[in-house]
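Position one of the sequence shown corresponds to residue 12 (the numbering used here), numbered consecutively onward. These notes concern the structure reproduced below.
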Amino acid sequence: MTQYTPFIPAEILARHSFDLDAPLTTPHPSVHSWFKRSLDVLGSLVGLFILTIIFVPIAIAIKLDSPGPVLYKQKRCGLQGRHITIYKFRTMVRDADQLKAQLQKQGGQPFFVKEGQDPRITRVGQVLRRTSLDEFPQFWNVLKGEMSLVGTRPPTLDEVVYYADHHWQRLNVKPGLTGEWQVNGRSSITDFEEIVRLDLRYQQQWHPLYDLVVLWKTVQVVLKGTGAS
């Protein structure tokens, strides 16, 4: 069983109802939760099947384009602040995490939100991100129950250090492969508060059919390449 490490500060826990020892479930009514989980399992199995087909050609392209591993893994904050390890096809240069700190300092922002062309992204990485193929390994996270097909954007560990109280409400649901942020601009949204607003709106408006709507919009956005970077 996956081990989770809570990252939410004690002072935040005192003001919110997070139960870090509870099983990984969504805060929705039981029938709706069953529907959402069933959709996640079905969708992740389909996604993983497609992944078995595209893995080898993508892996070859990544290795030929730049040195480094095929897959990139990173710790993120999931439901109720639990640490999860997400997987993606590598789209950046090998020392991307070190360069991130430099770019944050230059931009003067505690929240790293990409504006324009990120110099860390490789040539193959640009294609993978534009088509969202880099996200396919995360179907494994969905199958394990750490993520959902639709949810909020999973924050990085260094990002949540700067969270205000209302930002923590994003962690009331599982992070998703897609969500309001992705279908309403993706990387073209550079205002962190707008991302938070969209994530909280998803929680407020959630309904089983709403996930299907977001998934359909995601397909349209990916095919059009809207807001991709």
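We put the CB at the ideal spot given by N, CA and C, even for glycine.
Look up residue 77 in the DSSP assignment and give the residues it is bridged to.
According to DSSP, residue 77 bridges with nothing at all.
Would a C-beta distance cut-off of 9 Å place residue 250 and residue 105 closer than the cut-off?
Residue 250 lies beyond the stretch modelled for the chain, which goes from 12 to 240, so this question has no answer here.
Top-ranked residue by Cα proximity to residue 136, from 164, 61, 160 and 70
70
With H, G and I counted as helix, E and B as strand and the rest as coil, what does DSSP make of residue 213?
helix
Give the single residue among 186, 207 and 64 whose Cα lies nearest to the Cα of residue 176.
207
What is the DSSP secondary structure of residue 161, counted as helix, strand or coil?
strand
Between 139, 231 and 221, which has its C-alpha nearest residue 65's C-alpha?
139
With DSSP as the reference, label residue 174 as helix, strand or coil.
coil
Would you mind reading off the limits of the alpha helix (DSSP H) that contains residue 150?
150–155
What separation, rounded to the nearest whole angstrom, lies between the Cα atoms of residue 227 and residue 205?
22 Å
My output table needs one value for residue 196: the three-state DSSP class, helix, strand or coil.
coil
Leaving aside the five residues before and after residue 186 along the sequence, list all residues of the same chain whose C-beta is less than 6 Å from its C-beta, in chain order.
89, 158, 162, 163 and 165
If you draw a straight line from the C-alpha of residue 59 to the C-alpha of residue 87, how long is it?
21 Å
Closer than 8 Å: residue 138 CB and nearest the ligand PLP heavy atom
As presented, the structure is devoid of all ligands, the ligand PLP included, so that no description of it is given.
Assign residue 217 to buried or exposed, taking buried as 16 or more other Cβ atoms, counted over all protein chains shown, within 10 Å of its Cβ.
buried
Residues bridged to residue 187 (per DSSP)
159
Can you find the residues in the same chain that come closer than 6 Å, C-beta to C-beta, to residue 222, ignoring five residues on each side of it along the sequence?
161
Apart from the five residues just before and just after residue 46, which ones in its own chain have a Cβ nearer than 6 Å to its Cβ?
219
What residue range does the beta strand (DSSP E) around residue 137 cover?
Segment 134–142 is the alpha helix (DSSP H) holding residue 137; no beta strand (DSSP E) there.
Just tell me which of 202, 181 and 196 has its CA closest to the CA of residue 92.
181
Identify the residues that DSSP records as bridge partners of residue 221: which are they?
In DSSP, residue 221 forms no bridge with anything.
Note the first and the last residue of the continuous beta strand (DSSP E) segment covering residue 96.
94–100
Who are residue 86's beta bridge partners in DSSP?
96
Tell me, which residues are paired with residue 167 by DSSP?
87
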